[in-house]
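The structure appears right after this line, and notes come after that.
Number of protein chains: 2
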Amino acid sequence: MKSLGRHLILELFDCPSALLDDPEHVSQSIIKAVERSGATLIKPFFHQFAPQGVSGVAIISESHFSIHTWPEYGYAALDVFTCGDVIDMDAAVTSLKQDFQALSIQKMILSRGALDLPDEMIQHKPYALEEAKLARSGG
Amino acid sequence: MKSLGRHLILELFDCPSALLDDPEHVSQSIIKAVERSGATLIKPFFHQFAPQGVSGVAIISESHFSIHTWPEYGYAALDVFTCGDVIDMDAAVTSLKQDFQALSIQKMILSRGALDLPDEMIQHKPYALEEAKLARSGG
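Residue numbers (our numbering), protein chains in the order written: chain P, 6 to 144; chain B, 6 to 144.
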């Protein structure tokens, strides 16, 4: 049974607090991971909380990346939700682990939209790439 | 062992395609579910793909809601990621199931950031609410 989406649940532990509390570093790290994975960025958004912590989401043409940081615990929760088979999740994980200097990580991959259809009937929105290019050139 | 975040993985099946392909309906349904859950909206963003499908994220002061729809399969993938104990996830699920007229759903709840600390040492970012109020009044 094939699924429409792959969803990586990524836990980063024992990261330097300063990196997790710097919205510039967080946003640049996510955008870099999007690029390394081969995904196409549509719209990033990041928000810093007081007194600490950053939340952010990058909508990509293949779904989204998200991050929530707890600098006080050296912890970040990341999600990489993709459709299609071209996204290199390992490249994203390597990039994120490195940029946040995580001493330990946990990973889990979920199948989303596992439909009871033959594999050849499952489409992966290849048209989304065209739309994303339009969105980027327009913005 | 207490965790910093609760992450609801919600699969909606057999929804009318027209509802899943209408960005207005999708955005209004997500924002309504945020309100019903008791969460505080910071920033919503939705994107319509050609020829069909909608992706969207709502950053909330307690983390995020996200949705990706496949109208051609009547399927939507939703995530509700929250910190703190005050968010009513059941209210969000009821609202979403109703608004998308899903004939069947699947739910899974993940604990995110399960730290090896005594419960009383785990903080849930109550200060985030103050920041969110500032952001709303400013925007």
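All C-beta atoms, glycine included, are put in the ideal place defined by N, C-alpha and C.
Nothing here was measured: the structure is a model prediction, and the numbers come from that model.
Discussion item. So, for residue 91/P: in the same chain, excluding its five sequence neighbours on each side, which residues have a beta-carbon less than 7 angstroms away from its beta-carbon?
Written reply: 43.
Fill in: residue 97/B CB to nearest heavy atom of the ligand NAP below 8 angstroms
Although the ligand NAP was asked about, the structure shown includes no ligands whatsoever.
Fill in: At least 3 beta-carbon pairs within less than 8 angstroms: the segment 112 to 124 of chain P vs the segment 22 to 42 of chain P
Because the criterion of three Cβ pairs below 8 angstroms is not met, the segment 112 to 124 of chain P and the segment 22 to 42 of chain P do not touch.
Worksheet item: So residue 18/P packs on residue 107/P, CB below 8 angstroms; how close in whole Å?
Response: At roughly 6 angstroms, the Cβ-Cβ gap stays under 8 angstroms, so residue 18/P and residue 107/P are in contact.
Item to complete: Going by CA-CA distance only, name the one from 63/P, 67/P, 69/P, 22/P that's closest to residue 56/P.
Response: The shortest Cα separation from residue 56/P among 63/P, 67/P, 69/P, 22/P belongs to 22/P.
Worksheet item: What residues in the segment 31 to 56 of chain P bring their beta carbon closer than 7 angstroms to a beta carbon of chain B?
Response: Residues passing the 7 angstroms Cβ filter: 47, 48, 50, 52, 54, 55, 56.
Item to complete: Could you give the DSSP three-state label for residue 84/B: helix, strand or coil?
Response: In the displayed model, residue 84/B falls within a strand according to three-state DSSP.
Fill in: Uninterrupted alpha helix (DSSP H) stretches inside the segment 37 to 125 of chain B (no shorter than 4 residues)
Taking 4 residues as the minimum length, the alpha helix (DSSP H) runs contained wholly in the segment 37 to 125 of chain B are 94 to 104, in order along the chain.
Worksheet entry | Interface residues of the segment 6 to 27 of chain B facing chain P [CB-CB below 9 angstroms] | 9, 10, 12, 14, 16, 18: these are the residues of the segment 6 to 27 of chain B whose beta carbon lies less than 9 angstroms from some beta carbon of chain P, given in chain order.
Worksheet entry | Alpha-carbon to alpha-carbon, residue 67/B and residue 49/P | Approximately 18 angstroms between the Cα atoms of the pair.
Fill in: Interface partners of residue 105/B on chain P, CB under 7 angstroms
Within chain P, no residue has its beta carbon less than 7 angstroms from that of residue 105/B; the closest one is some 14 angstroms off.
Practice prompt. Return the CA-CA distance between residue 102/B and residue 80/B, expressed in angstroms with no decimal places.
Written response: Answer to the nearest angstrom: the Cα atoms are 12 angstroms apart.
Worksheet item: Would you say residue 9/B and residue 82/P are within 9 angstroms of each other, going by their C-beta atoms?
Response: Against a cut-off of 9 angstroms, the Cβ pair of residue 82/P and residue 9/B comes out as a contact.
Practice prompt. Indicate the three-state DSSP secondary structure (helix, strand or coil) for residue 137/B in the structure shown.
Written response: A caution first: residue 137/B carries a pLDDT of 38, below 50, which makes its placement in the model unreliable, though a value can still be read off. Residue 137/B: helix per DSSP, three-state reduction.
Worksheet item: What residues in the segment 90 to 114 of chain B bring their beta carbon closer than 7 angstroms to a beta carbon of chain P?
Response: Hits within the stretch: zero.
Worksheet item: What separation, rounded to the nearest whole angstrom, lies between the Cα atoms of residue 39/B and residue 70/B?
Response: Going by C-alpha positions, residue 39/B is about 8 angstroms away from residue 70/B.
Worksheet item: Is the Cβ-Cβ distance between residue 122/P and residue 76/P less than 9 angstroms?
Response: No, these two residues do not count as a Cβ contact at 9 angstroms.
Worksheet item: Leaving out five residues before and five after residue 110/B in sequence, what residues of the same chain have Cβ atoms less than 6 angstroms from its Cβ?
Response: A distance below 6 angstroms between beta-carbons, with the five flanking residues on each side excluded, links residue 110/B to the following residues of its chain, in chain order: 17, 102.
Item to complete: Use the C-beta contact count for residue 95/P: other C-beta atoms within 10 angstroms, 16 or more gives buried, fewer gives exposed.
Response: The C-beta of residue 95/P has fewer than 16 other C-beta atoms within 10 Å across all chains shown, which makes the residue exposed.
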